Amino acid sequence: MQIVILKDATEVAQYGANIFIEQIKNKANSVIGLATGSTPVALYQELIKKNQQDEVSFAEVSSFNLDEYLGLKGEHPQSYRHFMTEQLFNHINIVNSNTHVPPGDAVNPVLACNEYEEKIVQAGGIDVQLLGIGRNGHIGFNEPSSGLTSRTRVKTLTQATIDDNARFFAEDEYQPHLSITMGIGTILDSNKVVLLATGEGKADAIKDMVEGPLAAICPASALQLHRDAVIVIDEAAASKLS
Ligand code: F6R
1 MQIVILKDAT
11 EVAQYGANIF
21 IEQIKNKANS
31 VIGLATGSTP
41 VALYQELIKK
51 NQQDEVSFAE
61 VSSFNLDEYL
71 GLKGEHPQSY
81 RHFMTEQLFN
91 HINIVNSNTH
101 VPPGDAVNPV
111 LACNEYEEKI
121 VQAGGIDVQL
131 LGIGRNGHIG
141 FNEPSSGLTS
151 RTRVKTLTQA
161 TIDDNARFFA
171 EDEYQPHLSI
181 TMGIGTILDS
191 NKVVLLATGE
201 GKADAIKDMV
211 EGPLAAICPA
221 SALQLHRDAV
231 IVIDEAAASK
241 LS
């Protein structure tokens, strides 16, 4: 694991964005793995800016998102497909059919999970996977106790994650408790992983991931096994590292 500690969230986003920009400059048809949540938004704004300034082109890039709520159609305002459309895809020159998000409206979710795995393989595998981290150490929706070799599958969200994500839903709005998520094994297959975390609220999870034992109770600790994992964090998120 390479740990990069920067001053604040702006520097974290810029550092992370540069990794993706360099990747795409070196390989125009890169396959990138993407994440949702609050943390990657600033990185996406950086990618949008560089694309609009013609510094990087996504014309040949393919993308695979980590996860999606099971039970929400892509058009649903709280779906991760919708999030990606609004936060990134609509603002860069990526070809929509080259963007992949697990289908939250799959009639047969088990089949859809297997097909998602196959599509990643057919695309040649993921060159660089972007990750955030949950306060409980989850990556994607691989909650504590997830198998460290798991593949894309349906996962039940923990109450902690449901509570953390309730901020995105209106009070009387249906909030799914199930998801489709790439597995930890799927994530570990990526050539490179870049995990971003900012703020004091992530400090315990970062400590467990970096210094704790390799254990299913902290799914992100599986990244200790990855040959090219870059952990980009601000000083607040790094504050509990020894
Ligand atoms: C989202 C995802 C999640 C988030 C994590 C942190 O696609 O996979 O693992 O990265 O919940 O979310 P934020 O960035 O909102 O703190």
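The sequence shown begins at 1 in UniProt numbering and counts up one residue at a time.
No residue lacks a Cβ here, since even glycine has one placed at the ideal position from N, Cα and C.
Note that this is a predicted model, so its numbers are computed, not measured.
Exercise. Okay, do the region 224–235 and the region 185–203 touch, 3+ Cβ pairs below 8 Å being the bar?
Worked result: yes
For this session: With a threshold of 6 Å, establish whether the CB of residue 134 neighbours any heavy atom of ligand 1.
Result: yes
For this session: Reducing DSSP to helix, strand and coil, say where residue 150 ends up.
Result: coil
For this session: Please state whether DSSP places residue 178 in a helix, a strand or coil.
Result: strand
For this session: Spatial neighbours of residue 60 within its chain, please: CB distance less than 7 Å, with the 5 preceding and 5 following residues excluded, ordered by chain position.
Result: 28 and 29
For this session: On a CA-only basis, which of 211, 146, 15 and 151 is nearest residue 157? Give me that one, please.
Result: 146
For this session: Just confirm the distance between the C-beta atoms of residue 66 and residue 182, as a whole number of angstroms; I'd bet it's less than 8 Å.
Result: 5 Å
For this session: Thinking residue 10 and residue 42 are a contact (beta carbons under 8 Å), I'd like their distance in whole angstroms, please.
Result: 7 Å
Exercise. Where residue 219 and residue 189 are concerned, what is the direct C-alpha to C-alpha distance, given to the nearest angstrom?
Worked result: 15 Å
Problem set entry | Contact the region 172–186 vs the region 113–131: 3+ CB pairs below 8 Å | yes
Exercise. Between residue 176 and residue 71, is the Cβ-Cβ spacing less than 7 Å?
Worked result: yes
For this session: Inspect the CB distances between the region 15–24 and the region 42–55 and report whether three or more fall short of 8 Å.
Result: yes
Exercise. Can we count residue 35 as close to ligand 1, meaning its CB is less than 6 Å from some heavy atom?
Worked result: yes
Problem set entry | Residue nearest to residue 96 in terms of C-alpha spacing, selected from 64, 124 and 108 | 64
Exercise. Near residue 103, which residues of its chain fall below 6 Å by C-beta distance, leaving aside the five closest residues on each side in sequence?
Worked result: 112
For this session: Taking only heavy atoms of ligand 1 into account, decide whether any of them is closer than 6 Å to the Cβ of residue 204.
Result: no
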